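Single-structure report; data block below.
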Amino acid sequence: MTDAVLATRKIALMEPSAPSQTQWRKVLRAFLRSPSAMFGVVVLLILVACALFAERIAPFAPTYGDFAASRLPPAWIEGGTWTHPFGTDRLGQDIFTRIVYGARVSLLVGFFGALLASTLGVLLGILAGYFGGWIDTVISAFVNIILSVPYLVLVVVVATIFGRSLLNVILIFGVTGSPVFVRLVRGEVLRLRAQEYVEAARSLGAGSGRIIGAHLLPNLVGPLITVATYEMSAMIFYEAGLSYLGLSVPPEVPSWGNMLQAGQSLLPVLPWIAIFPGLAIALTALAMNFVGDRLRDILDPRVREGSG
Amino acid sequence: MSAYIFRRIFQSLLLILGVLVLVFFMVRLTGDPVALMVSREATNEQREAMRVALGLDRPLIVQFGDYMGGVLTGNLGQSLSLGLPNATLIGQRLPATFELALTSLIVALALSIPLGVLGGMHPGSPVDWLGRTVGLAGQTIHSVWLSMILILIFAVQLRWLPSFGRDGWESLILPTIALSLGSIGQLVRLARSTVLEVRRENFVRTAHAKGMSGQRVAFSHIAPNVAIPLISVIGIGFTYSLGGSVYIESVFSWPGLGSLLSNAIGDSDFPLVQSITIFIALFAITINLVTDILYGVFDPRIRQR
Chain V
2 MTDAVLATRK
12 IALMEPSAPS
22 QTQWRKVLRA
32 FLRSPSAMFG
42 VVVLLILVAC
52 ALFAERIAPF
62 APTYGDFAAS
72 RLPPAWIEGG
82 TWTHPFGTDR
92 LGQDIFTRIV
102 YGARVSLLVG
112 FFGALLASTL
122 GVLLGILAGY
132 FGGWIDTVIS
142 AFVNIILSVP
152 YLVLVVVVAT
162 IFGRSLLNVI
172 LIFGVTGSPV
182 FVRLVRGEVL
192 RLRAQEYVEA
202 ARSLGAGSGR
212 IIGAHLLPNL
222 VGPLITVATY
232 EMSAMIFYEA
242 GLSYLGLSVP
252 PEVPSWGNML
262 QAGQSLLPVL
272 PWIAIFPGLA
282 IALTALAMNF
292 VGDRLRDILD
302 PRVREGSG
Chain B
-19 MSAYIFRRIF
-9 QSLLLILGVL
1 VLVFFMVRLT
11 GDPVALMVSR
21 EATNEQREAM
31 RVALGLDRPL
41 IVQFGDYMGG
51 VLTGNLGQSL
61 SLGLPNATLI
71 GQRLPATFEL
81 ALTSLIVALA
91 LSIPLGVLGG
101 MHPGSPVDWL
111 GRTVGLAGQT
121 IHSVWLSMIL
131 ILIFAVQLRW
141 LPSFGRDGWE
151 SLILPTIALS
161 LGSIGQLVRL
171 ARSTVLEVRR
181 ENFVRTAHAK
191 GMSGQRVAFS
201 HIAPNVAIPL
211 ISVIGIGFTY
221 SLGGSVYIES
231 VFSWPGLGSL
241 LSNAIGDSDF
251 PLVQSITIFI
261 ALFAITINLV
271 TDILYGVFDP
281 RIRQR
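Line by line, the protein sequences are chains V and B.
Following the numbering used here, the numbering of the first sequence begins with 2 at its first residue and continues without gaps.
Following the numbering used here, the numbering of the second sequence begins with -19 at its first residue and continues without gaps.
Pasting the structure below:
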């Protein structure tokens, strides 16, 4: 056997590149070079700050209403004042304040919903893909059943039964959102399991735990982070929809969906009540999509090959 | 071929069974479905009467048999708030939802497929940029908010179109735009990535290498292979429209299944919520079955799987 053949054998046995430390630095640099991704990061940081420090940032308490200042338009429209930059509602509640506080519900649902969904998805996906057999049959049945019902209807119905609190909404999104991750992880595990480096590890005596932990999981990190970013923005969307139907947090809690709901009947007279929460949702989703697109370009080599 | 069709029908039946079991047990998982349906002030006697009236005092297995029997014979029980059979209510609302979902599907397909396909054929071109922007808009603009903005502009300010109800073709325009934006976004991305994927195939490279003109490659090698996966897009688009109609119909008071569902939620009319869910799920599964079979008819490779 020639050296060249040996060398290619060696390369074939090497692991596909999992993001290593230097690679994370590359990811960071690639991020800095993309204006849209940087825009996304900055917007997300501002939102996180709003959610964490709402008490400091918002000029008023979320349920404080000043009747003397009710029905004010945004500051740049005639009759508005910079004390209430986005205007006020019928009770004199400050719209800007409620937008700032609303970031809490949206970000909590998006972050923890996606975290729970991806954790469940990784567990179930690895069980199904690695061990196969009846475990795979049961898990795949669960996934197919959940995915066969239109998602928007599914969450509405599950929320009708279990919902109407922040924790329940997070749990609902975590469970009903997991099938997407299960499919992704199961498919990747099935593909990776057949690779030569996994076979090599097994022939060296590595147990299931080690193969999963050291050889499969690191390769799943890239696609998982990318999908989780998109799922986060989708969950913020769905939460707003649920709030709008009155199935999420109680109406007195400031959330963007609740504001849409409250603004609808006042649309002809006080349109800004509904306009600003919609803009906030759009800006958040846009930021997350920009970050997600960039992450996908960097972390998923299969996409990078394409001219897209 | 028939083996493939039978297998797909069998799988769909299993899926339907799964959905029915899931819905049945989900309602009972909460502990006491009656608690969701009666007012807080209800006495214990009232609760008990409700339980007997709904048959919830019987053994679980009997309840399940009864429920399955009912679904199979088209008897979906009675609505609590409206006092009519659920099947009748669904039948009354179905035409309106169909009208809205089909129009938005047609609009979505007519816009998204050309945009996505052209974008995939010419990545980086102005058409591609437009398609990607529309796709992004679909993922960032909330349909409920878009509905409100449309009402604000075209109904409140300009007074061109009605803001609610179902009365002639004018009333269909705003809900259709609001409902189709989300599907357009999804379908543009799907069409675009399908084209990009086919363009990477070896047979396309071979055709180029043989010296075939770009136009001929596009028409005789890329187009047929893109057209087949796009069949499944119809199914995806339709189920997406059905789901979105829950929100859009409540914004526009469109008298369809979606607003029936959101009213039933408001009234805690659980039997009706359950029936509508089952109906929509069965419908979505059927649509997917049909598109899968069509897929198999046109693409023999699929039947092997």
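A virtual CB, placed ideally from N, CA and C, is assigned to each residue, including glycine.
A quick note: this is a predicted structure, and the numbers were derived from the prediction, not measured.
Asked, Found
"Whole-angstrom distance between residue 274(B) and residue -15(B), CA atom to CA atom", "10 Å"
"Residue closest to residue 89(V), alpha-carbon to alpha-carbon, out of 77(V), 105(V) and 71(V)", "71(V)"
"Three-way DSSP call (helix, strand, coil) for residue 58(B) in this model", "strand"
"Proximity below 8 Å, CB of residue 181(V) to CB of residue 228(V)", "yes"
"Chain-ordered neighbours of residue 238(V) on chain B, where CB pairs are closer than 7 Å", "122"
"Check whether residue 290(V) and residue 116(B) have beta carbons under 8 Å apart", "yes"
"DSSP three-state assignment for residue 89(V), whether helix, strand or coil", "strand"
"The region 212 to 236 of chain B: positions lying closer than 8 Å to chain V by Cβ", "219, 220, 222, 223, 224, 226, 227, 230 and 231"
"Best match in 232(V), 264(V) and 235(V) for proximity to residue 1(V) [C-alpha to C-alpha]", "In the structure as shown, chain V begins at 2 and stops at 309. Residue 1(V) is therefore absent and cannot be evaluated."
"Sufficient close CB pairs (3 or more, under 8 Å) joining the region 98 to 118 of chain B to the region 152 to 172 of chain B", "yes"
"Residue span of the alpha helix (DSSP H) that contains residue 26(B), given as start and end", "24 to 33"
"Whether residue 58(V) touches residue 277(V) by CB criterion (8 Å)", "no"
"Cβ distance (whole Å) where residue 93(B) is taken to contact residue 167(B) below 8 Å", "7 Å"
"Residue -2(B) at chain V interface by Cβ criterion, 8 Å", "yes"
"Interface partners of residue 272(V) on chain B, CB under 7 Å", "132"
"Within-8 Å CB hit, residue 183(V) to chain B", "no"
"Uninterrupted beta strand (DSSP E) stretches inside the region 104 to 136 of chain B (no shorter than 3 residues)", "none"
"Inter-residue Cα distance where the pair is residue 67(B) and residue 119(B)", "34 Å"
"Same chain, Cβ closer than 7 Å to residue 273(V), neighbours up to 5 away in sequence not counted", "74, 75, 87, 88 and 96"
"beta-carbon residue -7(B) near the ligand COA non-hydrogen atom, thresh 7 Å", "In the structure on display, the ligand COA does not appear, and there are no ligands present to speak of."
"Backbone secondary structure at residue 66(V) - three-state DSSP", "strand"
"Per-residue burial, residue 132(V) [other beta carbons within 10 Å of its own, 16 or more giving buried]", "exposed"
"Partners in chain B for residue 169(V), counting only beta-carbon separations shorter than 9 Å", "What residue 169(V) touches in chain B: nothing, since even the nearest Cβ is about 11 Å away."
"contact_flag[the region 36 to 51 of chain B, the region 80 to 100 of chain B] where n(CB pairs < 8 Å) is 3 or more", "no"
"Against chain D: residues of the region 145 to 171 of chain B by CB proximity under 7 Å", "Considering every chain present, this structure includes no chain D. Its protein chains are V and B."
"At least three beta-carbon pairs within less than 8 Å, the region 243 to 256 of chain B to the region 60 to 74 of chain B", "yes"
"Contacts that residue 264(B) makes with chain V (C-beta to C-beta distance below 8 Å)", "149, 150 and 151"
"Collapsed DSSP secondary structure at residue 94(V) in the structure displayed", "strand"
"Length of the line joining the Cα atoms of residue 98(V) and residue 49(B)", "53 Å"
"Close Cβ partners of residue 101(B) (< 7 Å) along its chain, the five nearest in sequence each way excluded", "175 and 198"
"Sequence-distant residues of the same chain with beta carbon closer than 7 Å to residue -4(B), five excluded per side", "262 and 265"
"Minimum Cβ-Cβ distance from residue 172(V) to chain B less than 8 Å", "no"
"Whether residue 115(V) touches residue 299(V) by CB criterion (8 Å)", "no"
"C-beta neighbour in chain V for residue 261(B), strict 8 Å", "yes"
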